[in-house]
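S.K.: Chains as they are written, first to last, in this note's numbering: chain V, 6 to 440; chain A, 117 to 297. Glycine is no exception: its CB is placed at the ideal position from the N, C-alpha and C atoms.
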Ligand SMILES: Cc1ncc(COP(=O)(O)O)c(C=O)c1O
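#1: Could you spell out the range, first to last residue, of the alpha helix (DSSP H) harbouring residue 239 of chain A?
#2: What separation, rounded to the nearest whole angstrom, lies between the Cα atoms of residue 34 of chain V and residue 173 of chain A?
#3: So, with DSSP's three-state summary, where would you put residue 135 of chain V?
#4: Looking only at its own chain, which residues have a Cβ that is under 7 Å from the Cβ of residue 156 of chain A, when we skip the five neighbours before and after it?
#5: Going by beta carbon distance, what residues of the same chain come within less than 7 Å of residue 226 of chain V, once the five residues before and after it are set aside?
#6: At the level of alpha carbons, what is the spacing between residue 356 of chain V and residue 395 of chain V?
#7: Among V/147, V/116, V/122 and V/151, which has the Cα closest to the Cα of residue 441 of chain V?
#8: Among V/417, V/29, V/348 and V/331, whose alpha-carbon lies nearest the alpha-carbon of residue 274 of chain A?
#9: Taking only the alpha-carbon atoms, compute the straight-line gap between residue 384 of chain V and residue 93 of chain V and give it to the nearest angstrom.
#10: Looking at residue 415 of chain V: is its Cβ nearer than 8 Å to the Cβ of residue 368 of chain V?
#11: Would you list, in chain order, the members of the segment 200-230 of chain V that have their beta-carbon closer than 7 Å to a beta-carbon of chain A?
#12: Between residue 245 of chain A and chain V, is the shortest Cβ-Cβ distance under 8 Å, so that the two count as touching?
#13: Strictly under 8 Å for the Cβ-Cβ distance: is residue 276 of chain V near chain A by that measure?
#14: Figure out for me which residue from V/69, V/173, V/126 and V/179 has the closest Cα to the Cα of residue 329 of chain V.
#15: Relative to the C-alpha of residue 413 of chain V, which residue among V/437, V/359, V/436 and V/102 is closest?
#16: Give the residues from the segment 185-206 of chain A that approach chain V closer than 9 Å (Cβ to any Cβ), ordered along the chain.
#17: What would DSSP say about residue 211 of chain A, mapped onto helix, strand or coil?
#18: Which residues in chain V have a C-beta closer than 7 Å to the C-beta of residue 182 of chain A? List them in chain order.
#19: Assign residue 258 of chain A to buried or exposed, taking buried as 16 or more other Cβ atoms, counted over all protein chains shown, within 10 Å of its Cβ.
#20: Is it the case that the Cβ atoms of residue 168 of chain V and residue 195 of chain V are separated by a distance below 8 Å?
#21: Taking residue 186 of chain V as part of the alpha helix (DSSP H), name the residues at either end of that continuous run.
#22: The beta strand (DSSP E) that contains residue 418 of chain V, what's its start and end?
#23: Tell me, which residues are paired with residue 326 of chain V by DSSP?
#24: Hey, is residue 30 of chain V's beta-carbon within less than 8 Å of any beta-carbon in chain A?
#25: Since residue 55 of chain V meets chain A, which of its residues come closer than 9 Å, beta carbon to beta carbon?
#26: Closer than 8 Å, CB to CB, is residue 85 of chain V near chain A or not?
#27: Report the rounded CA-to-CA distance for residue 69 of chain V versus residue 84 of chain V, giving the unit in angstroms.
#28: Any C-beta of chain V sitting closer than 8 Å to the C-beta of residue 256 of chain A?
#29: Does the beta-carbon of residue 384 of chain V, which I'm using as the reference point, lie nearer than 7 Å to any heavy atom of ligand 1?
#30: Is it the case that the Cβ atoms of residue 259 of chain V and residue 253 of chain V are separated by a distance below 8 Å?
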């Protein structure tokens, strides 16, 4: 071993260094510096015996790209490094990351207690798709820890929340939820999409599993759908049936006995993703890796722009409220200071002043008057995005139903991008002037 | 191909040991040196069941060039190698003794490992016995504790990376063989 290695041994590299290097060692043969795209479905085996051992999980290695791929593995290890977890499993989308996590942990008859401040698509998945699988989700106000506790039953197998919930702009008290999870022997799963590991690392606050829609800030450029699961490896699954018991779909393998702190991740990969087929394509993995290489710089700019846009909107006479946890007026300001010290993300909602149909019409006009904000249904693009749920995704709901679902006819959601800040303020200003 | 050329992060994840014990019994240079110098492994507690962790580890090590001698009270042969009832019955020189048995049995095996002149003593994941470690150390053996020999080999060999695990290895240098020989 060379002196150099000894000198550097044990060094904990910084976040930015890991963004660029973790999970990728330049190839022995070619020396290629960028991560090569292994656009292949499958991998030749050295021998029949070795292949048998691979299928038996007695060797770590590449089998088939639905299960693993060398480009995707770079993305997985890099995310695990950034989130400070034991490993990662990439998935076709954020929705697939959630479903994979739940299908790995849960059995029919099990329950999940979840925050009610979740992405709408997640709500739908938890209510309707889970029902088909015999799983029940109970939703609680994420700030009310008595409610979390009261919703836990003997069937409960996991707790679930988002670092930053929308449209409320609520910041989850992750450490408190983690303590509740430990007390009840329940893994705590956090959707960290809106914060990214640069702004918040839930595993370091005691959460057990992080899921991401990598579609958003991870990829960062609005060009590919993807997801990832990272697990801490700290949860003791010894008495957690689905991970500890013999698995009928893997020759009665006991994942926890065999893989220890890799058990959940191995099961998620070789059983759940194998069977659902919700793998990430290597090309998309490459784009996600490319996104990660600039994550910290982009997030710094995202939050700087978002903070100023939120402050601008808050003082505008035509704006009723702004739900950005980075504002002092937010009830979540203290939690944001604890969990999101570098900034409270760049996705938030605000309400136009007015009532019912009139404000619904104003919202529509406002959106249509913007020049720089792209009107679409996504968040976390490098470009600024906007949507008015009452005239698009939720247009079939009555004003009363909108209010009941916490959206309201005048609510606008922004995803503040990386453009010149003054241009964003100019655009919002001129559109507010029109209404 | 052995991609791990060095420059690793601090590998302190997923262990029940205190920071002092981690520094002592999970030091990455020590782990690499032990694996690099080992050819023959005696595995105490190697199971005859193909779905047990020990069987996975022995199978893995067997196909990575190690000879794994089973220590088993009843079995005659496991994975093509003659099994012995105790470490003391093994006639060939042993480089590394790997323990897959409960911690309270570990001191006994540590004493036997010293007697047979093994060079290193390894307690698998979650098997923690400071007493056994001290016995082995006093006998001149290098000790690793609360680590998995398959995971550690896979970490530095580059294969554990293929299943998305965090190896903690970070380097801008071209992949090359990592084990000191
Ligand atoms: C917080 C959050 N979680 C999950 C998802 C689902 O991710 P995907 O669209 O990649 O499936 C989204 C998408 O909007 C999201 O915003």
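M.R.: Once the coordinates are examined:
#1: Along the second chain, one-based indexing puts residue 239 of chain A at 123. Secondary structure note for residue 239 of chain A: it is in no alpha helix (DSSP H), and the uninterrupted beta strand (DSSP E) holding it is 236-239.
#2: The count along the first chain starts at 1 and reaches residue 34 of chain V at position 29. The count along the second chain starts at 1 and reaches residue 173 of chain A at position 57. Rounded to the nearest angstrom, the two C-alpha atoms are 29 Å apart.
#3: Position 130 of the first chain, counted from the first residue, corresponds to residue 135 of chain V. When secondary structure is reduced to three states using DSSP, residue 135 of chain V falls in the helix class.
#4: Position 40 of the second chain, counted from the start, is the residue given in the question as residue 156 of chain A. Once the five neighbours on either side are set aside, the close Cβ partners of residue 156 of chain A are 183, 185, 208, 209, 210 and 211.
#5: Here residue 226 of chain V corresponds to residue number 221 of the first chain, with the count starting at 1. Closer than 7 Å at Cβ, skipping near neighbours: 296, 386 and 387.
#6: For the purposes of this step, residue 356 of chain V is taken as residue 351 along the first chain, with counting starting at 1. For the purposes of this step, residue 395 of chain V is taken as residue 390 along the first chain, with counting starting at 1. Going by the C-alpha atoms only, they are around 11 Å apart.
#7: Because residue 441 of chain V is not part of the residues shown, which for chain V are 6 to 440, the question remains open.
#8: For the purposes of this step, residue 274 of chain A is taken as the residue at position 158 of the second chain. Distance from the Cα of residue 274 of chain A is smallest, within the candidate group V/417, V/29, V/348 and V/331, for V/29.
#9: Counted from its first residue, the first chain places residue 384 of chain V at position 379. Counted from its first residue, the first chain places residue 93 of chain V at position 88. Their Cα atoms are separated by approximately 23 Å.
#10: In the first chain, counting from the first residue as 1, residue 415 of chain V sits at position 410. In the first chain, counting from the first residue as 1, residue 368 of chain V sits at position 363. A Cβ-Cβ contact shorter than 8 Å links residue 415 of chain V with residue 368 of chain V.
#11: Of all residues in the segment 200-230 of chain V, none places a beta-carbon less than 7 Å from a beta-carbon of chain A.
#12: Residue mapping note: residue 245 of chain A aligns to position 129 of the second chain, counting from 1. No, residue 245 of chain A does not count as interfacial toward chain V.
#13: Within the first chain, residue 276 of chain V is the residue found at index 271, counting from 1. By the rule that beta-carbons nearer than 8 Å mark a contact, residue 276 of chain V does not touch chain A.
#14: Looking up residue 329 of chain V in the first chain gives position 324. Comparing Cα positions, the closest option is V/173.
#15: The residue you call residue 413 of chain V lines up with position 408 of the first chain. For residue 413 of chain V, the closest C-alpha among the options V/437, V/359, V/436 and V/102 is that of V/359.
#16: Cβ contacts with chain V: none found.
#17: Residue mapping note: residue 211 of chain A aligns to position 95 of the second chain, counting from 1. Coil.
#18: Within the second chain, the letter at position 66 stands for residue 182 of chain A. The premise fails here: residue 182 of chain A is roughly 13 Å from chain V at the closest Cβ pair, so nothing lies under 7 Å.
#19: Sequence index remark: in the second chain, residue 258 of chain A carries index 142 (1-based). With 16 or more other Cβ atoms within 10 Å, it is buried.
#20: For this step, residue 168 of chain V is matched to residue 163 along the first chain. For this step, residue 195 of chain V is matched to residue 190 along the first chain. A contact, by the Cβ cut-off of 8 Å.
#21: Numbered from its first residue, the first chain carries residue 186 of chain V at position 181. Counting along the chain, the unbroken alpha helix (DSSP H) around residue 186 of chain V starts and ends at 179-188.
#22: Taking the first chain and counting its residues from 1, one reaches residue 418 of chain V at position 413. Element bounds for residue 418 of chain V: 416-420.
#23: Counting from one through the first chain, the residue named residue 326 of chain V turns up at place 321. In DSSP, residue 326 of chain V forms a bridge with V/356.
#24: Within the first chain, residue 30 of chain V is the residue found at index 25, counting from 1. Proximity of residue 30 of chain V to chain A, defined by a Cβ-Cβ separation below 8 Å, is satisfied.
#25: Against the first chain, residue 55 of chain V aligns to sequence position 50. Listed by position along chain A, the residues whose Cβ is nearer than 9 Å to that of residue 55 of chain V are 179.
#26: The sequence position of residue 85 of chain V within the first chain is 80, counting from 1. Interface criterion met: the Cβ of residue 85 of chain V is under 8 Å from a Cβ in chain A.
#27: Counting from 1 along the first chain, the entry for residue 69 of chain V is found at position 64. Counting from 1 along the first chain, the entry for residue 84 of chain V is found at position 79. If I take the Cα positions, the gap works out to 21 Å.
#28: As a working note, residue 256 of chain A is residue 140 in the second chain. Closer than 8 Å: no.
#29: Along the first chain, read from residue 1 onward, the residue named residue 384 of chain V stands at position 379. Using a cutoff of 7 Å, the CB of residue 384 of chain V counts as near ligand 1, since one of the ligand's heavy atoms is closer than that.
#30: Your numbering for residue 259 of chain V matches position 254 in the first chain. Your numbering for residue 253 of chain V matches position 248 in the first chain. Between residue 259 of chain V and residue 253 of chain V, the CB-CB gap reaches or exceeds 8 Å.
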